[in-house]
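Numbering (the working numbering), first residue to last: 3 to 384.
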């Protein structure tokens, strides 16, 4: 998949809750994309059908990865390093030590919320007590409800998570952050239309931003309403409301709907914004390929390969695959071998390499047979 959505900034966070939560899951994909790029796009198969798909696996990323990414720009990182190592007791101690040095009331509140969240990894019941105390102290601070709900949602306890969000909405009526999070949880429970209704009844359309369009589109997709999904993205695009990651999602969904030229148009916009984003450029190659522009596709693949210093197996496999499709089996074998070397368990590259070697050997045998027949032709005339 890889979208980005050059690399797009993952989250500009100073723990402002809108930034943290409204981008909580989608912005994670940008960071993950560069670490496992083959999730963004798979190579084109021999029949020239595109098989890459939107990266939906980001929803299932480990909780500590989400926290690490969402809090990447916090001013104190020591506790976060321990958290990422699953050293939760150490992380908690470091947080409490840091809190003791703070004077600003808002900063103290932020880190107390984090402390309660980290505590949930050690003592879930005590974490609940801590969050309840925080609600008593800060009843109209959105992030308290956000992080409180996360200790439930991360354990797939969405009913309890929604209960927390509803409590927040009672105190902060129609808060867009909480509304969107509730819609997300409803979607996770399979109540997609209820999630859509939650957004549309609570948030003024004039205030829709990128994450709102993205969330609505995702909910429509989940209930197989592809027409409304694309309409939602198109509306956000026309109003210039989509950020780069969501533009990439939009391009991916257009491609999946068979709208290759429209997908290419969006991808070219992203390329202009960051011409060194090898993920986008390789996806441009896929779009070219599907449109029958094979030379342009190979140029795009090759450029993407250069930009990533030849370190992305799925791009190598794309190059090898296009060479295979046009009958250049030696070149295909060379690139596919490199893809397998980068990722020995990459099934697509392994399969295509086997096919390329077989096709190459078959061509060699055909060559030998042709030469044999030519020799017989001349021998018959001696």
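Every residue gets a Cβ at the ideal spot worked out from N, C-alpha and C, and that includes glycine.
Check: Endpoints, the alpha helix (DSSP H) within which residue 165 is located; Outcome: 160 to 173
Check: Of the listed residues 272, 142, 283, nearest to residue 304 (C-alpha basis); Outcome: 283
Check: Cutoff 6 Å; reference residue 223; Cβ partners in own chain excluding five residues on either side; Outcome: 231
Check: Cβ-Cβ separation, residue 318 to residue 341 (assumed contact under 8 Å), whole Å; Outcome: 4 Å
Check: Alpha-carbon to alpha-carbon, residue 286 and residue 327; Outcome: 18 Å
Check: Candidates 142, 205, 204, 197, of which the one nearest residue 174 by Cα; Outcome: 142
Check: DSSP state of residue 354 mapped onto helix, strand, coil; Outcome: helix
Check: Span separating the alpha-carbon of residue 354 from that of residue 338; Outcome: 7 Å
Check: Three-state secondary structure assigned by DSSP to residue 373; Outcome: helix
Check: Where residue 314 sits in the DSSP three-state scheme; Outcome: coil
Check: Straight-line gap, residue 322 to residue 259 (C-alpha atoms, nearest Å); Outcome: 26 Å
Check: Proximity of residue 2 and residue 255 at Cβ, strictly below 8 Å; Outcome: Past the boundaries of the shown model lies residue 2; the chain is included only from 3 to 384, so the question cannot be answered.
Check: Unbroken alpha helix (DSSP H) run spanning residue 111, endpoints; Outcome: 107 to 121
Check: Nearest-angstrom Cβ-Cβ length linking residue 194 and residue 225, presumed shorter than 8 Å; Outcome: 4 Å
Check: Entirely enclosed alpha helix (DSSP H) segments - the region 184 to 210, minimum 4 residues; Outcome: 194 to 204
Check: Outcome for residue 205 when other beta-carbon atoms lying within 10 angstroms are tallied against a minimum of 16; Outcome: buried
Check: Own chain partners of residue 191 with C-beta closer than 6 Å, once the 5 adjacent residues on each side are dropped; Outcome: 160
Check: Exposed unless 16 or more other CB atoms sit within 10 angstroms - verdict on residue 96; Outcome: buried
Check: Contact set for residue 171: own chain, Cβ-Cβ below 6 Å, skip 5 residues either direction; Outcome: 180
Check: Three-way DSSP call (helix, strand, coil) for residue 147 in this model; Outcome: helix
Check: Burial state of residue 245, where buried means 16 or more other Cβ atoms lie within 10 Å; Outcome: buried
Check: Burial state of residue 315 (16 or more Cβ within 10 Å); Outcome: buried
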